[in-house]
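Novice: In mature numbering (1 follows the signal peptide of the UniProt record, and there is no 0), the protein residues as written are -28 to -1, 1 to 283.
Every residue gets a Cβ at the ideal spot worked out from N, C-alpha and C, and that includes glycine.
Quick one: the structure is below, questions incoming.
Right under this line is the structure:
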């Protein structure tokens, strides 16, 4: 799948108002989206989203996070969504996409760019995932332009031969489409302090992106929020040219605790559901974790936020 335009048609006023009203009804807290900024591309991102064992998707964790996203999209017609895998639980089946994901995050499917998780592949070939997202799922990996940024979606679930083909594609993509600011996203984090821990599958992809000067990697898999300092593919701190990784497995499924803190972890939160909002500027980016539910722990720290420049 090649590059696609970065700008989307503005929602009609009635459709935008309907999304905002639906989000406000589903959320447990008021959502106050920031107004769009000229020359800035806003992105909302999370993974590990719809748990189908919940008796009613309208009152699930996925509905809470969807309300935050819907309000932001209604306020900014150019904002988009990146999903970080495990859209449904337990098996990524067609019925799960229809009955659990569809009523929540499926409301903004036409503004979503996805990446598959391991639960999608619990159904053979992740076929319902590819059918649900259609052309936007690509071959499991693809690239697009968002504002001045190059954005690359990869599949961290592939067998060796298919993964090698993906890496060949990534090398060519980085060579043929150089960009000052690049973001990549996939499901399994190379670094994580969560229950699943660090997953080495995408180390070579990280190395290729790092060599090309990419800025950001977004992942899910562990059901928590974690931010790392910029580093290389071998876990070495590299504040000059390293990539900053966010784990955002807080889309609504259920929270899991942290275990052993991994070196260079700078912020951790397993107390609430939420989404990461990125504002992608021509020369840098701003991040903020937007909580969808109140923290479950007393005296929880305020949601993480910050800014950084592109290399």
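Can you tell me where the beta strand (DSSP E) with residue 241 in it begins and where it stops?
Specialist: 237 to 241
Novice: Please tell me whether residue 75 and residue 29 are closer than 9 Å, where the distance is taken between their beta carbons.
Specialist: yes
Novice: Can you give me the start and stop residues for the alpha helix (DSSP H) that residue 36 sits inside?
Specialist: Element bounds for residue 36: 33 to 47.
Novice: Out of 195, 162, 193, which one is the CA nearest neighbour of residue 181?
Specialist: 162
Novice: For the beta strand (DSSP E) containing residue 13, list its first residue and its last residue.
Specialist: Residue 13 -> beta strand (DSSP E) spans 13 to 18.
Novice: Go ahead and label residue 231 buried or exposed: buried means 16 or more other beta carbons lie within 10 angstroms of its beta carbon, across all protein chains shown.
Specialist: exposed
Novice: With distances taken from CA atoms, which of 175, 9, 35, 84 is nearest residue 263?
Specialist: 35
Novice: Looking only at its chain, what residues have a beta carbon closer than 6 Å to the beta carbon of residue 189, apart from the 5 residues adjacent to it on each side?
Specialist: 156, 215, 217
Novice: In whole angstroms, what is the alpha-carbon distance linking residue 283 and residue 254?
Specialist: 11 Å
Novice: If you reduce the DSSP assignment to three classes, tell me which class residue 214 lands in.
Specialist: coil
Novice: DSSP beta-bridge partners for residue 84?
Specialist: 53
Novice: Using the Cα positions of residue 80 and residue 280, report the straight-line distance between them to the nearest angstrom.
Specialist: Going from the Cα of residue 80 to the Cα of residue 280 covers about 28 Å.
Novice: Nearest by alpha-carbon distance to residue 277: which of 268, 136, 246, 134 is it?
Specialist: Comparing Cα-Cα distances from residue 277 to each of 268, 136, 246, 134, the minimum goes to 246.
Novice: Drop a sphere of 10 angstroms on the beta-carbon of residue 238, count the other beta-carbons inside from all chains shown, and report buried for 16 or more, exposed for fewer.
Specialist: exposed
Novice: Report the rounded CA-to-CA distance for residue 269 versus residue 121, giving the unit in angstroms.
Specialist: 36 Å
Novice: Who are residue 187's beta bridge partners in DSSP?
Specialist: DSSP lists no partner for residue 187.
Novice: Keeping to the same chain, check which residues put their C-beta closer than 6 Å to that of residue 21; ignore five residues upstream and five downstream.
Specialist: 34, 59, 77, 223, 224
Novice: Can you say whether residue 9 is buried or exposed, counting buried as having 16 or more other CB atoms within 10 angstroms of its CB?
Specialist: exposed
Novice: Is residue 63 helix, strand or coil when you go by DSSP?
Specialist: If DSSP states are grouped into helix, strand and coil, residue 63 belongs with coil.
Novice: Terminal residues of the continuous alpha helix (DSSP H) containing residue 135?
Specialist: Start and end: 132 to 148.
Novice: Under 7 Å Cβ to Cβ from residue 202, same chain only, skipping five residues before and after it: list those, please.
Specialist: So the list reads 210, 211, 214, 215, 216, once near-sequence residues are dropped.
Novice: Cα-Cα, which of 134, 54, 32, 127 is closest to residue 251?
Specialist: 54
Novice: Taking the straight line between their C-alpha atoms, what separation do you get for residue 87 and residue 271?
Specialist: Within the model, the alpha-carbon separation for residue 87 versus residue 271 is close to 34 Å.
Novice: Can you check DSSP and say which residues form a bridge with residue 244?
Specialist: None; residue 244 has no bridge partner.
Novice: Counting only C-beta atoms, is residue 247 closer than 9 Å to chain C at any point?
Specialist: Absent from the structure is chain C; it holds one protein chain and no more.
Novice: Taking all protein chains shown into account, do 16 or more other C-beta atoms lie within 10 angstroms of the C-beta of residue 57, making it buried, or fewer, making it exposed?
Specialist: Residue 57 comes out buried.
Novice: Where do the ends of the beta strand (DSSP E) carrying residue 261 lie?
Specialist: The continuous beta strand (DSSP E) containing residue 261 extends over residues 256 to 263.
Novice: Give the DSSP bridge partners of residue 124, in chain order.
Specialist: 115, 156
Novice: Please go through the same chain and pick out, in chain order, the residues whose beta-carbon is closer than 6 Å to the beta-carbon of residue 153, but skip the five residues on each side of it.
Specialist: 121, 187, 282
Novice: Once you ignore the five residues that flank residue 13 on each side, which residues in its own chain have a CB closer than 6 Å to its CB?
Specialist: 118, 119, 252
Novice: Just verifying my parser: in three-state terms, what is the DSSP assignment at residue 197?
Specialist: strand
Novice: Can you check whether the CB of residue 73 is closer than 9 Å to the CB of residue 104?
Specialist: yes
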